[in-house]
Each structure stands twice: as C-alpha cells, then as structure tokens.
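A short write-up of the structure that comes next.
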Amino acid sequence: MKRKIPVLITFVVGSVLILSVFFPPIETWGEDFSIFFDIIAVFAFFLGGGNLLRIHTKKAIKRQKDWGFSIVTVLGFIIMLIAGLFKVWNDGGIAGDVAAPGSLFQMMYNWIFTPLGATMYALLAFFVASASYRAFRAKNVGATILLVASFIILLGRTPLGTYVTGWIPKSLSIFNIPDLAIWIMTAPNLAGQRAIMIGIALGVVSMSLRLILGVERTYLGVDNE
Amino acid sequence: MSNLGLIISLLIIGAGLLWLLIRSLQGKEVERRIIFLFIGLAVSVPLLFNITFSEKATPIVKALYDKIDNLPEGSNILLSFDYGPTMAPEVQPMSDVLIRHVLAKNHHLFLMGLWATGQSLGAEAVDRIIKGDFPEKIDGIDFVNIGYKAGNQGVLNVIVTDFRKLYATDVGGRDLDSLPIFNGIKSLKDMDLLISVGGGFPGVKEWVQFAGDPGNVPTGGGSAAVSAPLLYPYYPRQMLGLMGGIKGAAEYESEFKRHYERFKDMPEPGVKMMGPQTLAHLVIMAFIVIGNLSYFFGKKGKQS
Amino acid sequence: MKDYHRPQLLFQIFILPLVVILSLTSALTAQEQPVIPADSIIHIPAPTSNVVAVDYVYDRGETVELTWNLSPDDTIGGRIDGYELTRIEQSTGKMDTLEVIPAGISYYKDDKLTHGHKYAYLIRSVYFGAKSSPVSSNIITPSIEIINWRLANLFAIAFILCGSVIYFIAHAKKGKKLFIRKIAGLEAIDEAIGRATEMGRPILFVPGINDMDDVQTIAGITLLSRVAKVVADYDIRINMPVSRSLVMTTARETIKEAYIGAGRPDAYNDDMVRYITDEQFGYVAAVDGIMVRDKPATCFYLGAFFAESLILAETGNSIGAIQIAGTAQPAQLPFFVAACDYTLIGEELFAASAYLSNEPKQLGSLKGQDVGKFVAMIAIVIGVLIATLAELTGSSSLENLSEFMNRLFTIVS
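Protein chains in written order, with the numbering used here: chain S, 22 to 246; chain R, 3 to 306; chain A, 2 to 414.
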C-alpha cells in the first residue's frame, strides 16, 4: 500500500497533465497540479532550511573538522533571514518592500551576494582554459577536426579574425574567419545540437511513460517488479 | 610609462609561453596553476593598460544598428531587460549603447523586463545613462519604464494585444493613460521595434516567438555568447539583427561612436572587454598548441 | 432731426457695450475650454456594419471573436477615434462597456465569458465624445469543445511515439532478448565505485540543481538507487549535497532503502544527504569546498546542470577523482565531455535505469524510443529533400507539399 499510493498518484497526475493539452474542459487541471507542486516545494523548504541549520550547528558545537565554515553558514543564514523578515533599515518599515533601496537586505544582496555570484561565474574563464588545454588533443581525425574548429571559433570571436582575413573578397566571404565561425556555430554545431535535442525529447517521452505506467519505480526506493 | 608597462607585460607573457613551449617539446605537461596565472595576466594586462582594438560591425549587428538609425524620428522602440546581475557584465554594454542610440535619434524609448531583476536594471540605466547623457529627455514623454510583470512568455501573449491588461501604471505609479508617451499606444503592435537583451529564459527567443512574429513587429536582440547560436536560425526573417556576446556589443559600440561625434568620449565597456577576450583567446590557443606538443613529444619519448 | 439719430444712440448706449461684454466673457472662458475642431461638435461618425460574433473554437467556452467592417469615416485623417464595445448578457440584461478599440482595427477577442450563456455585442463609432448609433451583433453562445482538434497533428505524433513505447514494453514481456549497445559510462559505474573502496575515500553524488519536477532529476535519482546499492554492499561513504529540499527527502528514502536491501540499515545516516542552498552559485561553491576537503575518489554528476557544470567537473579533475556525468542540457554537454572521464549524453541518462536493470519491460521502452527516432529521421530526410527540390525547381506542388510538412510538425496554440 505504501508503494501503491505514490504510483497511483503518479499515474493520475501524469495522465491528466498529458490529456489536459488535448481536452479543453480539463485544461486548468494541469495548471492546478503544477501549482500544487509549487506549494509542496515551498513547504519542503522548511525541511531543507532546518536540515542546514541542524547539521552546521551540531558541527560548530562539537568542534568537528572545518567547524569554522559552519559558523559562517549559520550566521549568514540567520542575518539574511532577520534582515528580510523584519525589513531592517527599510524606509517603509515592516510593511515595505523587502528589497527597498537602503535596506540591509538590499545592501547585503548588492555588496555580498552579487559579487560572490559573479566571482564564481568568473571561475569559468580559468576553467575553460585548463579544460581546453587538456581536451583539445589531436589524437585522431575527429579530435583534429574539433581542434581546427576551436581555433576558428577562438579567432573568429576576436578582432584578430577580421585583421587576418578581412582582405578576402565578399564572393569568398565564407573563408573570412568571423563568418566561418558563425557558419560553424549555425550549421554543423546547431545540427548536432538539434539531433541531441531530438534524442533527449524521445528519451523524456520514454522515461515519462515508464514513470506514469509504474514500470520505473526506483525513485520510490523500491526495485521495479 | 604605461606603454613601458604594457611592453614589459607582453614580453613576460610571451617569454613565459616560449618557456612552456620548450618544456612541452621535452614532453612535460603544464600544471593547471600556471595556466590560471597566464589567463589572469591575459585578462588583467589589457584592462590595466587599456588595450583596445577597433571593431567592424558584422552584418548581423549592422542590421540592428541600421534599423534604429533609419527609423523616422519619434518612432516607438521597446527595450526589455531580460537578465540578472550574473549576466550583466556581458550584456549590460548592449543595453547601454542601445539606450544611447535610441535617444540620440530622438525615438521614444519604452523600458520593461521579463525578469524580476529587469526592473531595477532598467531603473539603474535611467539614472546612469539617461539622466547623465540626456538630461533634456523627460520621463513620460521621451522615455518610460513600465517595469516587470511575472508570467514569462505569458506576459507577451497579453501585451501583444493590450498593454493595459497587465500594466496599469509605470514603475513610478503613474497611470499609463496620463503619460504622453503612451498616447496612441495600445499594444506591442504599436511599436516600431522590439529589442530584448538577455541570455536565458525568457529571452530573445520568446520575444521572437510570442511577440515579434505573431504581432508582425520587427524584433532584434542582444544575447550572451553561449545562447547566441540558438538564435542565429531566426536571422534575418524573424529576428532582424542580433548582438552575440561581448563582441557583438563591441561592434555596435564602435559603429555608434563612428557616426555620433557627440558620444566620442562615451564609455565603451564592450570594446574595453574585447582586449582581455582577445588576449585570453590567444593564450588559450597557445596552450592548446603547447598541450598537443607535449602530448606528441611525450608519446614519442615513451615509445623510444 | 431728433427721430433720425435715435437708433444710433440706442446702439451706442446698449447694444455696443453688451457686445463688448459678451465678447470679453467668451474670450475669458474660451481659455478654459479644450480646442475642439470646428466641425466635431456636429459631426457624428458613421457607424460600422456587419458586426459578427463567432465562438472561438477549441477552448473552455470562455471566448468569442468579434469582427466588423470599418466605419466609412475610418480613413487616414478620418474623423473617428475608434470603436466602443459593449457586451450584453442576454439572460440578465447586464451591459458591460468593454473598451474602445483604436481606429483601423476591426477585430476583438472577448475571453471573459461563461459558457452556455447568451451574449450580444454593440459597437458604436466614437469621435471626440460623439458616438454613432449602435450596431448590434448576432446573439452568440460560447460553447465548450471537448477535443482541441487544432492539436490533431500533435496527438497523432504522440500516439505513434507513446504507442510504440507501450507496445514494446508489452512485447518485451514475452522474453525476447533485445540488443542494447554498450554505454561506457554505465559500464564504468561499478569500476568507479570499486576504486573508491580500494582508496578508502568517499563517493560524491550530485543530482543536478533542479527540483523533482524535472525528469532529469528523477533520472539522476533512479541512478542513485543503483549506485547506493553498490555503496551499501561495499560499505563506503556516500556524500550527497543537494540543492532542493524535495530532492533531499527523496534521495534519503532511496539511499535508506538501498541500505536496508543490503542488510545494513544501521549503517545508513540521514546526514549522507544534505541540503545546501537553492542558489546556483552558492550551491556549486559549497560542493567545490566539499570536493577539495573530502577528496572523493568518484564523482557522479547526474541531472540538470547549467553554468556550474564546468566548475564542478574541473574541480573534480583537480582532485584526481574519476568522474561520470550525465545531463540533458545540450549546452553543458561539451563541458562534461571535455572534463569528465565518462559522459552520458542526453537520452543515455534516461536509458540508464533500463540499461542497468536489464529488465525486459524497461528495455522494451528503449526500443519504442528508437521507433520514434526512426520516424524523425525519415521525416527529416523527406522534408529536406522536398524543401530543397521546391527551392531548386520552383514547383508549386512541391512548395505546397513542403508547406504541408511544415504545418504537420507545427503546433498551433
């Protein structure tokens, strides 16, 4: 019974979501189910937040390995929560907008959260270089073609591509590196991406049907029968 | 002094790469921290010494530029801020130069956003660019910010027939009907050009699919480099032009500056960032060559 | 002599001052009045004609489309501002003024109706407050359609795809062996976990950053079930930082069941699965920290990833871990392919559960999926040929055929 009910719910909700596309009388049922999920996810946040606080508080109290990071985590969580809930330094007081200019929440967002996010994003520049160094090796024909294409794209995305091949006449403009770079991205690259996307869409259909029909039940923690 | 610093820096980078090249011929791999160091230098040297390159607009960027330039004065142009703070360094230069171009041509500028962060980015652009460079422009007459509404492409489905079904006021709380700029404007179909700047969802693709194409309104865009390839198929029929990545922004800035003498001193963040991008790409290409050499010479060494 | 000058005197004493006073008064009050074109006070715009209300098909009976002929005054520079629409609900007689449609437009969609109720519409041309006589539409009852026939092509395609998957699931029960090609990433799972056992280091499992409503996350959790079984058997530590609370509860159940199945319920600990944060870069910063401190021997990245994919993969590479990744985000696949040892590309992630279980029913679904791919390939080849020939020859029949194929695979909402 413990396993049958979730499978039944999956079957009903999955079927309704598919059929609501084709049958207007039940069109809103699909939207309602999506909203139900959002509501459940919001309540589930209390579990996640509680788990975070419990683990890090325990770690800090027991002085386990790396407990210093746990103090920072807990403090950050609590300060941001208080700043947002009680609208600290907001002109409009507790009834004002949580992200009002000058509020502590907005200041922490602008001066701590945004720069930290941008810093993590900036790591990609370094990691792209180290990944390219390791990955673009001419081990075989396919890898060599990839290597040549990467050189064209790297040059084409800079002014150097124009300097090097800008003299090429318009009739042979495909050999102009920036144009060639755009062609590589919009023809072979996009064709490959679309092929993968078609495969993914079919994979999603197959996986979804297995879930709806109850053939796939490992996400419930049971073996499929 | 700054030229001396530039020459020394480039010499250090060149010498370092040469040393690594020699090591690679001996079959030795490069440690990743060395790669990070060179990338750090490649990005910071052009910024410190202000190395820039002149850009020529490619046809896809020029198409968008020409559209704004050739529209009759007083045309209605809508600009949507569809990005957040993490994407801002790459796409903000696009929205900045577009705002300058639209107002320099004395068009009417409508600002909005399909992202929640779009509203504050639009407000910040008004403060920084419009009040700074165009103090004569009046809010509500020459430009207006109607802000953000939740609903992603659902918002476009509504405002393509009627703005007022979703937007009753601008961000300042003023009734749209009281604003002269909104006289005769009922929906997106009354716009002469729609432009979306962003790189995620919703973005340029949604504007093309749910507003430009069904409403038959010319649509252009500015997109992060990683999302641009997915938009090229829409060019030129459904999307008249696109700035792809920071290079697209740099091309547009160069084109704009070339034709508008008044803005010869304007900041060019796109052009400025092409310096680091160019040098970083060269360094990456050098490392790819070095990596291949160390791979082949390392293999030969093992075989012998 | 006296009688001859009397009318002039009357004019000068009474009439002239009166005229002056009246002129001054009108001049003063004229500043307060809006400037109205001289002819608008008397001009009433011509009414429209042929107002037709039609039920909007394939909806829930809430929408009616209204069309009309433009007023003869609706020309460039014409004396008309627009058309005022009024809706009348027949049963109650309630009248609602909807809006004024600008001149030049002869279409309106009213989507605030109740199905089964009767409505009629009145349209008046307006010009500076002056309104024409109303023109009435027919009485219309919006009806609810059971089936949205506009999506017939989508239904046909879905029927073929879903039908083939279901057919092969049923067919596979009969015990016929199906060939599935080797997927290197899945073959390597046992080897990767074995490596962690030998080195005495933990395993890291990252299920992506989306919630349980994303099928990629579910695919990741189904693989977690397989991985957790082996982990429980080998008695090694698994570390699973997650980005969503619902994923945390689901993953805990999955791992707990795996430990119970391995006969080691006491070895299970809830803290194996920890919630970090919903925020993308906050999450990846925490996971990177865990990787650098704990130094897992094996890292699994199976689910939905975005910009953080390369950050995770490169960090895993720097600690020398063996990495198996799988995602259905096409933009992130190149990063995983470049940086990880094994990558499950798109549909391989969804096929993984079937592949590892080797159950006939699940393998049958993969075969059904292949039928869909075959149909897609045929349609692409035929469509490209027809479009190319139509372009080259200019043949109208080929163009019509190409247009038909376009419509066949286009979803009209």
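In this text, a Cβ means the ideal position worked out from N, Cα and C, and glycines have one as well.
Computed from a predicted model, the values in this text were never measured in an experiment.
Presumed contact (8 Å Cβ cut-off) between residue i and residue j, rounded CB distance
i	j	result
Leu176 (chain S)	Val185 (chain S)	7 Å
Asn154 (chain A)	Leu409 (chain A)	5 Å
Ala152 (chain S)	Ala339 (chain A)	5 Å
Pro199 (chain S)	Thr280 (chain R)	13 Å between Cβ atoms; not a contact.
Val250 (chain S)	Trp50 (chain S)	The structure shown does not extend to residue 250 (chain S), since chain S spans only 22 to 246, so no value can be given for it.
Ile256 (chain A)	Ala229 (chain A)	5 Å
Ile170 (chain A)	Val236 (chain S)	6 Å
Leu190 (chain R)	Ile79 (chain R)	With 8 Å as the limit, Leu190 (chain R) and Ile79 (chain R) do not qualify as a contact, their Cβ atoms being about 12 Å apart.
Thr87 (chain A)	Thr98 (chain A)	5 Å
Beta-carbon proximity of residue i to residue j, cut-off 8 Å
i	j	result
Thr93 (chain A)	Lys119 (chain A)	no
Val32 (chain R)	Gly250 (chain R)	no
Ile197 (chain R)	Gly222 (chain R)	yes
Val226 (chain S)	Gly304 (chain A)	no
Asp172 (chain R)	Leu158 (chain R)	no
Val376 (chain A)	Ile161 (chain A)	yes
Tyr130 (chain S)	Thr88 (chain R)	no
Ala127 (chain R)	Ser97 (chain R)	yes
Ile205 (chain S)	Ala159 (chain S)	no
Ala268 (chain A)	Ala298 (chain A)	no
Ile236 (chain A)	Arg253 (chain A)	For clarity, residue 236 (chain A) is Asp in the given sequence; the question names Ile instead. The answer is no: Cβ separation not under 8 Å.
Met287 (chain R)	Phe172 (chain S)	yes
Arg275 (chain A)	Ile76 (chain S)	yes
Ser11 (chain R)	Leu49 (chain R)	no
Tyr262 (chain R)	Ala106 (chain R)	yes
Ala150 (chain S)	Gly182 (chain S)	no
Phe212 (chain R)	Ile187 (chain R)	no
Leu230 (chain S)	Glu348 (chain A)	no
Ser134 (chain A)	Pro73 (chain A)	no
Gly201 (chain R)	Tyr67 (chain R)	no
Phe299 (chain R)	Gln28 (chain R)	yes
Ile70 (chain R)	His110 (chain R)	no
Gly186 (chain A)	Leu367 (chain A)	no
Asp75 (chain A)	Gly117 (chain A)	no
Residue i: first and last residue of the uninterrupted alpha helix (DSSP H) it sits in
i	result
Leu155 (chain A)	Ala153 to Ala173
Ile79 (chain R)	Ile79 (chain R) -> not in any alpha helix (DSSP H); beta strand (DSSP E) instead, spanning Asn78 to Asp84.
Tyr254 (chain R)	Gly247 to His261
Ala185 (chain A)	Ala185 to Met200
Lys110 (chain A)	Taken as a continuous stretch (DSSP letters only), Lys110 (chain A) belongs to no alpha helix (DSSP H), being part of the beta strand (DSSP E) at Tyr108 to Asp111.
Val104 (chain R)	Ala90 to Ala106
Phe43 (chain S)	Lys25 to Phe43
Pro180 (chain S)	Pro180 to Thr186
Glu146 (chain A)	From DSSP, Glu146 (chain A) is part of no alpha helix (DSSP H); its letter is neither H nor E.
Residue i: first and last residue of the uninterrupted beta strand (DSSP E) it sits in
i	result
Gly222 (chain R)	Thr221 to Ser225
Asp97 (chain A)	Met96 to Pro103
Thr1 (chain A)	Given a span of 2 to 414 for chain A in the structure shown, any question on residue 1 (chain A) remains unanswerable.
Ala54 (chain A)	Ser50 to Asp56
Leu190 (chain R)	No beta strand (DSSP E) contains Leu190 (chain R), which DSSP labels as neither H nor E.
Leu123 (chain A)	Tyr120 to Tyr128
Completely contained beta strand (DSSP E) runs for the stretch 134-163 of chain S, where each covers 3 or more residues: none
contact_flag[the stretch 106-119 of chain A, the stretch 59-77 of chain A] where n(CB pairs < 8 Å) is 3 or more: Taking a cut-off of 8 Å on C-beta distances, the stretch 106-119 of chain A touches the stretch 59-77 of chain A, as three or more cross pairs fall below it.
Residue ranges of each alpha helix (DSSP H) within the stretch 116-175 of chain R, 4 or longer: Counting only runs of 4+ residues, the alpha helix (DSSP H) found wholly inside the stretch 116-175 of chain R occupies 118-127 and 155-161, in chain order.
Meets three-Cβ-pair contact criterion under 8 Å: the stretch 220-233 of chain R and the stretch 241-259 of chain R: yes
Cβ pair count under 8 Å reaching 3, the stretch 351-370 of chain A against the stretch 131-149 of chain A: Fewer than three pairs of CB atoms, one per stretch, sit closer than 8 Å, so the stretch 351-370 of chain A makes no contact with the stretch 131-149 of chain A.
Any 3 or more C-beta pairs closer than 8 Å across the stretch 323-337 of chain A and the stretch 203-221 of chain S: yes
Inside the stretch 239-313 of chain A only - alpha helix (DSSP H) runs reaching at least 4 residues: 246-262 and 281-295
Touch test, the stretch 59-66 of chain S against the stretch 239-255 of chain A, Cβ-Cβ under 8 Å, three pairs minimum: yes
At least three beta-carbon pairs within less than 8 Å, the stretch 123-139 of chain A to the stretch 50-59 of chain A: Yes, since at least three Cβ pairs between the stretch 123-139 of chain A and the stretch 50-59 of chain A fall closer than 8 Å, the two stretches touch.
Ordered list of alpha helix (DSSP H) runs contained in the stretch 323-404 of chain A, each at least 4 residues: 334-340, 348-358 and 361-394
Three CB pairs or more closer than 8 Å across the stretch 223-242 of chain A and the stretch 194-210 of chain A: yes
Three-pair Cβ contact test at 8 Å for the stretch 312-321 of chain A versus the stretch 177-195 of chain A: no
At least three beta-carbon pairs within less than 8 Å, the stretch 135-146 of chain R to the stretch 207-221 of chain R: With the cut-off at 8 Å, the stretch 135-146 of chain R and the stretch 207-221 of chain R do not touch.
Length-filtered (4 minimum) alpha helix (DSSP H) runs lying within the stretch 53-78 of chain R: Here the runs fully enclosed are 61-72.
3 or more residues per run - each beta strand (DSSP E) lying fully within the stretch 198-223 of chain S: Here no run is fully enclosed.
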